[in-house]
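Protein chains in written order, with UniProt numbering: chain A, 1 to 602; chain B, 1 to 378.
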């Protein structure tokens, strides 16, 4: 790469609400700049995990270098840095944005601004990025680009006069987006002789190369052989390779200030090179690390248990493998009376948790049982000791507890005004406190609430989605801890308490939750030859009870010559299903039971 | 040289009953002739395969074997007599349906060597018969039954089903009274099974059936067992009852995992440690036989573990239970060697009882037999 071209670098991200077309636009930009022909291009090249593509969300971010010959006749290097689009990954989004000078803000011409649009815009503004609004999906009959433009100007306060009206889907006006990037995103500062200062905005583990760090160089130069220091972890490594991604990884002899690319340095685990850390040269360090580094703290915990006890080591190995690539995942072994040996795992949020569960299932083919997610509670004991509890089983006896605190989040819910009543009722029901309501336009508002996180992780998303037919969007951030009247809700199956079902809930919710769970368990636990009582209890007090009726009949009335194979296979299948059940006392409990407890009831 | 059972499938019916998932067709009368020709062809292929073996029982099932011209039945049995070893042939059964029989047909059957009749009636309540797609009436059943007796048959089974839509315990009682007055040598009384892809299954899925509750259904079964026992029947298999020495020998072969051959559409066979089954459509069945090969659709080899499991599971269907001596003779090891733990568990739960010679299901065990049988899979 010619050194003189440096001023022709543009580093940018695309920000949007989920489903507003971020990945599709990325595809078009890549296609338009000729990096890949459309035939080579698998749809949405930036989302490279199956799971991501299926869910239409981007979980892991990456960067690609595009070469664009602009109308001014010059050739530009456009570094597109992808960002995850979900509230669980806010920190990662902020680090990606920190690597850029500008951001394209996509707004769906049919839907307008949504909760995550705003959240992402604020993150971009925090990083002083130049924001280029783009109105997408103008090919749809219900598109209302002028209204949406006005909305963006009103709500976000950015000028939309020149905002390109595009259709990422059919490729309309993609060129104008590229021109906007070239003309409006500032070129990076380029002090190539200063001490090295580079930001890690993503890192992934590769079996052959170790950890691949995706970096933005702010000052100085980085090259193979250089001894580098990671300023947050204090670890030092020798650089093996540097380069850029142009669809594949291309090794270069150096990366300089202004560049976006990757580096490898025989790093064994992503925990040693975490997102947000600053890289400098060991022998010639920069004075100050880049601002904004945060250690990721899991907000949600749950138990992950092998469905079959002998898989314990496989689950451990799988979690270790996932962790190499996911600095936010933590786990430690734990034991449950009902489920045996397993792991307590910490996640950034619910989506992160579901992703890990699905990956264990799909990529490692493991059959796992997950317990109800929990947040971290602070427990003040009578003796002045303060405990942090994320597993209900570890809660000390009520008599030893002075008081407890639970985490509260600041939630913003954007919704058409039609659903305000419904949402207020829902938030009320979830123990929320109303802060205020802002009108975005005549028919749309943002509701600000403070909600206990433990209500949010239970079924808030599902409830919100179903009650507003998907029209409301939701975003939250942790606010802090407040004192709360919490109790441990225990479930008893056939008079035996099952620790894996225990939950910490607000005292006022205990009865309702106990009743709902017992009712669901009656439906998922198969009938036995004896009646099985299902009870919910707080302390020694039973607050809800259901009974699974005894099975009276399980017999095949007819079985002759042609039925023998079929009969055997039927029994084999039945046995296979039985194998997947957990024996709790003399009751067989299917895995779904552990899941059902978490599900939203209409 | 071993003794085997021979099953012959006649897949024709005047119309299909709503609960039936057997391979059988209505409106195919025009290919009966061709089918029988091919069936005889299939038998002739078996002639070589089992020339060392003796046929102990023959069962002509369906479908409705009595629906087709009796000359075909005559022809088949004649072929068997001429080509197989029938020195020890003890039992030849044919299934018939009320309304498809006259005295001439019955006499032809008798002369052809048939010595056991299995008649499907299912219930004597005309409304219930209609509900399940039966095309005969109570009266036609009585008429057919008289014909059979007149023709000299002394071993008659009648098939009933309980737990039918709208059926009450009193309706079952009515059927039992009829049995008491007729005294057939054998009664099969099945709990209704809603097989997938049958009209009754679909009706039930759409909540269009008024079926007895699970506890009512069991009450019916318990009543049937009690009443038939009082009439002198021996309850010998989950759904089967017989007067002294009138148990169905052919079916007992199935329940004791003895070899059998099935000929005709979709018939199953168990021979030389292999279970296999025939084509289930006329086209493929005819094509194979045209080529002179057996019309086999698929099969599986049974290993020792499967045989042990099947023997135990099927023996448990018999009221006398698993014959421990026979188990040991057959598998060279005590049954406890394989199943000690689970036998103890089910003894404790009251689902089975054990004496010196047998392990058998209790009355509760009969209601929940799958729960026990599942544990005998190896």
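Ideal Cβ placement from N, Cα and C applies to all residues, glycine included.
Remember, predicted model here, so these are calculated numbers, not experimental data.
CA-to-CA distance, residue 260(B) to residue 235(B), given in whole angstroms = Along the second chain, one-based indexing puts residue 235(B) at 235. Along the second chain, one-based indexing puts residue 260(B) at 260. Their backbone Cα atoms lie some 24 Å apart in a straight line.
task = Compare the C-beta of residue 53(A) against all C-beta atoms of chain B and say whether one is closer than 8 Å.
result = Along the first chain, read from residue 1 onward, the residue named residue 53(A) stands at position 53. At residue 53(A), the pLDDT of 43 sits below 50, so the modelled position is not reliable and the matter cannot be decided from this model.
key: Sequence ranges, beta strand (DSSP E) only - wholly within the stretch 518 to 549 of chain A, length at least 3   = You should have 532 to 538 and 541 to 548.
ask   = Counting contacts by CB-CB distance shorter than 8 Å, is residue 39(A) in contact with chain B?
value = Residue mapping note: residue 39(A) aligns to position 39 of the first chain, counting from 1. Because residue 39(A) sits at a pLDDT of 38, beneath the cut-off of 50, its placement in the model cannot be relied upon, and the point is left open.
message = What does the Cβ neighbour count give for residue 482(A), buried or exposed, with the cut at 16 atoms within 10 Å?
response = In the first chain, counting from the first residue as 1, residue 482(A) sits at position 482. Exposed.
query = For residue 258(B), which three-state DSSP category applies?
reply = Position 258 of the second chain, counted from the first residue, corresponds to residue 258(B). It is coil, neither helix nor strand.
ask   = Using a Cβ-Cβ distance under 8 Å, would residue 149(B) count as near chain A?
value = The sequence position of residue 149(B) within the second chain is 149, counting from 1. Answer no: the Cβ-Cβ gap between residue 149(B) and chain A never drops below 8 Å.
key: Cut-off 6 Å between Cβ atoms - residues of its own chain near residue 68(A), not counting five sequence neighbours on either side   = As a working mapping, residue 68(A) is identified with position 68 in the first chain. Cβ within range, chain order: 33, 76, 78 and 178.
query = Are the beta-carbon atoms of residue 331(A) and residue 344(A) separated by less than 8 Å?
reply = Locating residue 331(A) in the first chain gives position 331, where the first residue counts as 1. Locating residue 344(A) in the first chain gives position 344, where the first residue counts as 1. Yes. Within cutoff.
query = residue 381(B) bridges to which residues according to DSSP?
reply = Because residue 381(B) is not part of the residues shown, which for chain B are 1 to 378, the question remains open.
message = Between residue 250(B) and the ligand GTP, is there a pair consisting of the residue's CB and a ligand heavy atom that are separated by less than 7 Å?
response = Questions concerning the ligand GTP fall outside what the structure shown contains, since it holds no ligand whatsoever.
ask   = Does the beta-carbon of residue 2(A) have 16 or more other beta-carbons within 10 angstroms, so that it is buried, or is it exposed?
value = If you number the first chain from 1, residue 2(A) lands on position 2. With a pLDDT of 40 at residue 2(A), under the threshold of 50, the modelled position of that residue is not reliable, and no figure is offered here.
request  = Please classify residue 203(A): does DSSP put it in a helix, a strand, or coil?
outcome  = By 1-based counting over the first chain, the position of residue 203(A) is 203. Three-state DSSP puts residue 203(A) in a strand.
ask   = Would you say residue 561(A) faces chain B, with C-beta separation under 8 Å as the test?
value = In the first chain, the residue the question calls residue 561(A) occupies position 561. Interface residue, yes.
query = Is the stretch 553 to 569 of chain A close to the stretch 305 to 325 of chain B, with three or more CB pairs under 8 Å?
reply = Yes, they touch.
key: Identity of the residues DSSP links to residue 1(B) by a beta bridge   = As a working note, residue 1(B) is residue 1 in the second chain. Note: residue 1(B) sits in no beta bridge, so no partner.
request  = Round the Cβ separation of residue 60(B) and residue 8(B) to the nearest angstrom and send it over; I've been treating them as touching at under 8 Å.
outcome  = For the purposes of this step, residue 60(B) is taken as the residue at position 60 of the second chain. For the purposes of this step, residue 8(B) is taken as the residue at position 8 of the second chain. Indeed, because the Cβ distance is near 5 Å, the residues count as touching under 8 Å.
request  = Rounded to whole angstroms, what's the CA-CA distance from residue 270(B) to residue 209(A)? Just pull it up for me.
outcome  = By one-based count along the second chain, residue 270(B) stands at place 270. By one-based count along the first chain, residue 209(A) stands at place 209. Roughly 58 Å between the two C-alpha positions.
Between the CA atoms of residue 359(A) and residue 398(A) - distance to the nearest angstrom = Within the first chain, residue 398(A) is the residue found at index 398, counting from 1. Within the first chain, residue 359(A) is the residue found at index 359, counting from 1. Going by the C-alpha atoms only, they are around 38 Å apart.
task = Taking residue 419(A) as the reference, give the member of 282(A), 465(A), 151(A) and 351(A) with the closest Cα.
result = As a position in the first chain, residue 419(A) is number 419, starting the count at 1. When each option's Cα is compared against that of residue 419(A), the closest is 465(A).
request  = Closer than 6 Å by C-beta to residue 541(A): which residues in its own chain qualify, once you throw out the five before and the five after it? Chain order, please.
outcome  = For the purposes of this step, residue 541(A) is taken as the residue at position 541 of the first chain. Apart from sequence neighbours up to five positions away, no residue of its chain approaches residue 541(A) with a beta-carbon distance below 6 Å.
message = What would DSSP say about residue 222(B), mapped onto helix, strand or coil?
response = On the second chain, position 222 is the one that residue 222(B) refers to. In this structure, residue 222(B) counts as helix in the three-state DSSP scheme.
request  = Under 6 Å Cβ to Cβ from residue 156(A), same chain only, skipping five residues before and after it: list those, please.
outcome  = The residue you call residue 156(A) lines up with position 156 of the first chain. Only 121 meet the Cβ criterion.
request  = For the stretch 308 to 321 of chain B, enumerate the residues whose C-beta is nearer than 8 Å to any C-beta of chain A, in chain order.
outcome  = 309, 310, 313, 314 and 317
For residue 226(A) and residue 278(A), believed in contact at Cβ under 8 Å, the rounded distance = Counting from one through the first chain, the residue named residue 278(A) turns up at place 278. Counting from one through the first chain, the residue named residue 226(A) turns up at place 226. About 15 Å; that fails the 8 Å criterion.
message = Quick check: is the beta carbon of residue 572(A) nearer than 8 Å to any beta carbon in chain B?
response = Start at 1 with the first residue of the first chain, and residue 572(A) comes out as number 572. Yes, contact with chain B.
message = I'd like to know whether the C-beta atoms of residue 191(B) and residue 144(B) end up nearer to each other than 8 Å.
response = Numbered from its first residue, the second chain carries residue 191(B) at position 191. Numbered from its first residue, the second chain carries residue 144(B) at position 144. Against a cut-off of 8 Å, the Cβ pair of residue 144(B) and residue 191(B) comes out as no contact.
message = Between residue 495(A) and chain B, is the shortest Cβ-Cβ distance under 8 Å, so that the two count as touching?
response = Numbered from 1 along the first chain, position 495 holds the residue referred to as residue 495(A). So, not an interface residue.
ask   = Just to confirm, are residue 298(A) and residue 265(A) a CB contact at a threshold of 8 Å?
value = Here residue 298(A) refers to the residue found at position 298 when the first chain is read from its first residue. Here residue 265(A) refers to the residue found at position 265 when the first chain is read from its first residue. Not closer than 8 Å, so no.
ask   = Mind checking residue 587(A): buried by the 16 CB within 10 Å criterion, or exposed?
value = Within the first chain, the letter at position 587 stands for residue 587(A). So residue 587(A) ends up on the buried side.
inquiry  = Under 8 Å, with one C-beta from each stretch per pair, do the stretch 121 to 128 of chain B and the stretch 77 to 87 of chain B reach the 3-pair mark?
reply    = no
message = Counting beta carbon pairs with one atom in the stretch 340 to 353 of chain B and one in the stretch 274 to 285 of chain B, are three or more of them shorter than 8 Å?
response = No, because fewer than three Cβ pairs between the stretch 274 to 285 of chain B and the stretch 340 to 353 of chain B fall closer than 8 Å, the two stretches do not touch.
task = Assuming residue 89(B) and residue 575(A) form a contact by the criterion Cβ under 8 Å, report the distance between their Cβ atoms to the nearest whole angstrom.
result = In the second chain, residue 89(B) corresponds to position 89, counting from 1. In the first chain, residue 575(A) corresponds to position 575, counting from 1. Going by Cβ atoms, the distance from residue 89(B) to residue 575(A) rounds to 39 Å, so no, they are not a contact pair.
inquiry  = Taking 8 Å as the threshold (beta carbon to beta carbon), is residue 359(A) in contact with chain B?
reply    = As a first step, residue 359(A) must be located in the first chain, where it is residue number 359. Not one chain B Cβ lies under 8 Å of residue 359(A).
inquiry  = DSSP three-state label for residue 237(B), please.
reply    = Looking up residue 237(B) in the second chain gives position 237. Reduced to three states, the DSSP call for residue 237(B) is strand.
8 Å Cβ cutoff, residue 268(B) in contact with chain A = Counted from its first residue, the second chain places residue 268(B) at position 268. Yes, residue 268(B) counts as interfacial toward chain A.
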